[in-house]
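Q: Numbering (the numbering used here), first residue to last: 3 to 570. Please read through the structure below; I'll follow up with questions.
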């Protein structure tokens, strides 16, 4: 059960480290406005201050008989227990911290389920077993079957392609949602009757924000003797998670990326799974220090506790504590408050942006079925403005941080952009020739619950400005044929960075890194928009656009450019 909320949006917003950070752009100094929380959260002063304090007593949790070791072990165990409590997973689940976000959590679950196989291992097996073809035929008829959704992140797709499983993709409905009927048909197929059935689905798309019917999916998987796992990387910071909702709709495993939470950067990834999935009669997935209770030259006995068995080596102690604090922050603010604010912002943003004839929003428009993510393309005549140019313009003119590309969701991108197989083959060949700039994509922002009303309006204003006037800036930027990057013709985009060596950080000006100067955002935002309008009054829309020398690339070109570099 969630604790009563006691933190206001404003209190947390004002604690964001770097909230008043400024940086140079081709058009002057800009105040950072962060709209890329889907990729990563932002650090908070009070969490960082606490972790600094904790480090006064830091020690290895394998040290058991002194004050520092006992204290850190206690903190770690409390963090793990409270993570499970926040997910209603206290009684029947285990939590494992991993080093690479939800990606690492998926990999760890594959190891626990016995379907993980590394490419080098597969290659070695092919060379060692002469009758491997016969074995493969036998195994293919009996191996576990995995069901994934239509809008998976690469991490919940590619790793399963390489696992010892048969992979089945559930279709999307004509309206753009998860097809529950298709899941029923496929998971109930008689040929899968005596095989392990694993459902692993995105709780929400990191591209369109479309939410999956999580508990309906879980119920169907359990009805047909499968297990239900969910990738919460994109949605966990914004929605309630209940791993034990009821006897039919419980969740068997979830993957979390706490670095995407506010306060979470630098935290570990988290796997939480039902203990029924774990076989304690075999060695742990990584038998090593910290997993044993007895070792001799000839025998070894492993710890009985599941979490301890899977905590090989020194765990990420501070990283796990930070993961819990980021998750706990959501309860401290109030999940219902977060969901209400997110729904308000996504409803208003979709209603407003879709009115602009040049803005093409990806995915279904119903705000009640989305988290607050908007991926969009900007039309330009019969083509589009390249999303990497859109992202550059948001950054350079307004200081807004967004993301361009396919968001590690290439399969879903093919559906969203209606890319046919023939075109896919051509694009793939061009990319193999290091012509990456031809790769299709979009621009993504999210309207975060910590955005103030002023910031929300400013982000919408900026997107609309670029939709109306972005084409005028084509002559200001140079397109990199090989990378797809867009760089201003008269500005070096590389910021002055301090290489993190001990010598360099000792020479830095010592000051409190949490100090933030007061900034009048309303005044700044108004001045940025005024400057942007002044700039377009001094520019002319290009009348002649470039063409690629490569005829295949030129035939596939979906955007305009004026200047080009690194053309092969």
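Idealized CB from N, CA, C, for every residue including glycine.
Provide the residue(s) that pair with residue 33 in DSSP beta bridges, ordered along the chain.
A: In the chain shown, the residue the question calls residue 33 occupies position 31. BP columns for residue 33 point to 24.
Q: List the residues that DSSP assigns as beta-bridge partners of residue 171.
A: By 1-based counting over the chain shown, the position of residue 171 is 169. Its beta-bridge partners are 150.
Q: What residue range does the alpha helix (DSSP H) around residue 350 cover?
A: For the purposes of this step, residue 350 is identified with residue 348 of the chain shown, where counting begins at 1. 337 to 355 is the extent of the alpha helix (DSSP H) around residue 350.
Q: Could you check whether residue 256 and residue 85 sit closer than 8 Å to each other, using their CB atoms as the reference points?
A: Working through the chain shown from its first residue, we reach residue 85 at position 83. Working through the chain shown from its first residue, we reach residue 256 at position 254. No, they are not a contact pair.
Q: Taking the alpha carbon of residue 380 as the reference point, which residue from 516, 469 and 141 has its own alpha carbon closest?
A: The residue labelled residue 380 in the question sits at position 378 within the chain shown. That would be 469, whose Cα lies nearest to the Cα of residue 380.
Q: Taking contact to mean 3 or more Cβ pairs, one atom from each stretch, closer than 8 Å, check whether the segment 411 to 428 and the segment 138 to 158 are in contact.
A: Touching, yes.
Q: To the nearest angstrom, how far is it from the Cα of residue 444 to the Cα of residue 389?
A: Counting from one through the chain shown, the residue named residue 444 turns up at place 442. Counting from one through the chain shown, the residue named residue 389 turns up at place 387. About 5 Å.
Q: Starting from residue 432 and walking both ways along the beta strand (DSSP E), at which residues does that stretch end?
A: Within the chain shown, residue 432 is the residue found at index 430, counting from 1. Not the beta strand (DSSP E): residue 432 falls in the alpha helix (DSSP H), residues 423 to 434.
Q: Between which two residues does the beta strand (DSSP E) holding residue 489 run?
A: What you label residue 489 is simply residue 487 of the chain shown in a count that begins at 1. 488 to 490 is the span of the beta strand (DSSP E), which, as asked, contains residue 489.
Q: Three Cβ pairs or more, each shorter than 8 Å: is that satisfied between the segment 143 to 150 and the segment 301 to 311?
A: Flag = no, the segment 143 to 150 and the segment 301 to 311 do not touch.
Q: What is the DSSP secondary structure of residue 362, counted as helix, strand or coil?
A: For the purposes of this step, residue 362 is taken as the residue at position 360 of the chain shown. Strand, per DSSP.
Q: So for residue 484, helix, strand or coil by DSSP?
A: Taking the chain shown and counting its residues from 1, the one referred to as residue 484 is at position 482. Looking at residue 484 - three-state DSSP - the assignment turns out to be coil, as it is neither helix nor strand.
Q: When the Cα of residue 1 is compared with those of 521, 507, 411 and 535, which residue comes out closest?
A: Because the chain is modelled from 3 through 570, residue 1 falls outside the range shown and cannot be assessed.
Q: Can you tell me where the alpha helix (DSSP H) with residue 178 in it begins and where it stops?
A: What you label residue 178 is simply residue 176 of the chain shown in a count that begins at 1. Careful: residue 178 lies outside any alpha helix (DSSP H) and carries neither H nor E.
Q: Excluding the five sequence neighbours on either side, which residues of its own chain have a C-beta within less than 8 Å of the C-beta of residue 127, listed in chain order?
A: In the chain shown, residue 127 corresponds to position 125, counting from 1. Taken in chain order, the residues that qualify are 134.
Q: Which same chain residues, not among the five before or five after residue 564, have their C-beta less than 7 Å away from its C-beta?
A: Residue mapping note: residue 564 aligns to position 562 of the chain shown, counting from 1. Once the five neighbours on either side are set aside, the close Cβ partners of residue 564 are 476, 477, 544, 547 and 548.
Q: Counting along the chain, where does the alpha helix (DSSP H) carrying residue 535 start and finish?
A: For the purposes of this step, residue 535 is taken as residue 533 along the chain shown, with counting starting at 1. It spans 523 to 539 - the alpha helix (DSSP H) in which residue 535 sits, taken as one unbroken run.
Q: Report, in whole angstroms, the separation of the C-beta atoms of residue 205 and residue 220, which I expect to be a contact under 8 Å.
A: Within the chain shown, residue 205 is the residue found at index 203, counting from 1. Within the chain shown, residue 220 is the residue found at index 218, counting from 1. Between residue 220 and residue 205 the Cβ distance is about 11 Å, and since that is not below 8 Å, they are no contact.
Q: Return the CA-CA distance between residue 216 and residue 174, expressed in angstroms with no decimal places.
A: To locate residue 216, count along the chain shown from 1; it is residue 214. To locate residue 174, count along the chain shown from 1; it is residue 172. C-alpha separation (whole angstroms): 15 Å.
Q: Evaluate the contact criterion for the segment 194 to 210 versus the segment 223 to 243: three or more CB pairs, one atom per stretch, below 8 Å.
A: A contact exists between the segment 194 to 210 and the segment 223 to 243.
Q: Pick from 226, 38, 69 and 15: whose alpha carbon is nearest that of residue 251?
A: Here residue 251 refers to the residue found at position 249 of the chain shown. Measuring from the Cα of residue 251, the nearest candidate turns out to be 226.
Q: Around the C-beta of residue 508, are 16 or more other C-beta atoms found within 10 angstroms, so that it is buried, or is it exposed?
A: The sequence position of residue 508 within the chain shown is 506, counting from 1. Flag for residue 508 reads exposed.
Q: On the CB-based measure, 16 or more other CB atoms within 10 Å of its CB, does residue 260 come out buried or exposed?
A: For this step, residue 260 is matched to residue 258 along the chain shown. Burial call: buried.
Q: When we look at the beta-carbon of residue 59 and count the other beta-carbons within 10 Å, is it buried (16 or more) or exposed?
A: For the purposes of this step, residue 59 is taken as residue 57 along the chain shown, with counting starting at 1. Per the 10 Å Cβ criterion, exposed.
Q: Would a C-beta distance cut-off of 8 Å place residue 358 and residue 488 closer than the cut-off?
A: On the chain shown, residue 358 is found 356 positions in, with the first residue counted as 1. On the chain shown, residue 488 is found 486 positions in, with the first residue counted as 1. Taking 8 Å as the Cβ cut-off, residue 358 and residue 488 do not qualify as a contacting pair.
Q: If we count the other Cβ atoms within 10 Å of its Cβ and call it buried at 16 or more, is residue 27 buried or exposed?
A: One-based indexing of the chain shown puts residue 27 at position 25. Residue 27 comes out buried.
Q: Is the Cβ-Cβ distance between residue 561 and residue 385 less than 8 Å?
A: Counting from one through the chain shown, the residue named residue 561 turns up at place 559. Counting from one through the chain shown, the residue named residue 385 turns up at place 383. In contact: residue 561 and residue 385 (Cβ atoms closer than 8 Å).
Q: Out of curiosity, what's the CA-to-CA distance linking residue 3 and residue 88?
A: As a working mapping, residue 3 is identified with position 1 in the chain shown. As a working mapping, residue 88 is identified with position 86 in the chain shown. In this prediction, residue 3 scores a pLDDT of 46, lower than 50, which makes its location untrustworthy; the coordinate-derived value is nonetheless stated afterwards. If you take the alpha carbons of residue 3 and residue 88, they lie about 7 Å apart.
Q: Within a Cβ cutoff of 6 Å, which residues of the same chain sit near residue 482, ignoring the five residues on either side of it in sequence?
A: Taking the chain shown and counting its residues from 1, one reaches residue 482 at position 480. Closer than 6 Å at Cβ, skipping near neighbours: 567 and 568.
Q: DSSP on residue 302, reduced to helix/strand/coil?
A: One-based indexing of the chain shown puts residue 302 at position 300. If DSSP states are grouped into helix, strand and coil, residue 302 belongs with the strands.
Q: What distance in whole Å lies between the Cβ atoms of residue 182 and residue 222, which are believed to be in contact at a cut-off of 8 Å?
A: Taking the chain shown and counting its residues from 1, the one referred to as residue 222 is at position 220. Taking the chain shown and counting its residues from 1, the one referred to as residue 182 is at position 180. About 7 Å; that satisfies the 8 Å criterion.
Q: Between which two residues does the beta strand (DSSP E) carrying residue 379 extend?
A: For the purposes of this step, residue 379 is taken as residue 377 along the chain shown, with counting starting at 1. Run containing residue 379: 375 to 382, per the beta strand (DSSP E) assignment.
Q: Among the candidates 97, 74, 172 and 429, whose CA atom is the shortest distance from the CA of residue 245?
A: Position 243 of the chain shown, counted from the start, is the residue given in the question as residue 245. Checking every option, the nearest Cα to that of residue 245 belongs to 97.
Q: Please tell me whether residue 17 and residue 48 are closer than 8 Å, where the distance is taken between their beta carbons.
A: Looking up residue 17 in the chain shown gives position 15. Looking up residue 48 in the chain shown gives position 46. Yes.
Q: Leaving aside the five residues before and after residue 303 along the sequence, list all residues of the same chain whose C-beta is less than 7 Å from its C-beta, in chain order.
A: Counted from its first residue, the chain shown places residue 303 at position 301. Excluding positions up to five away in sequence, the list reads 294, 295 and 296.
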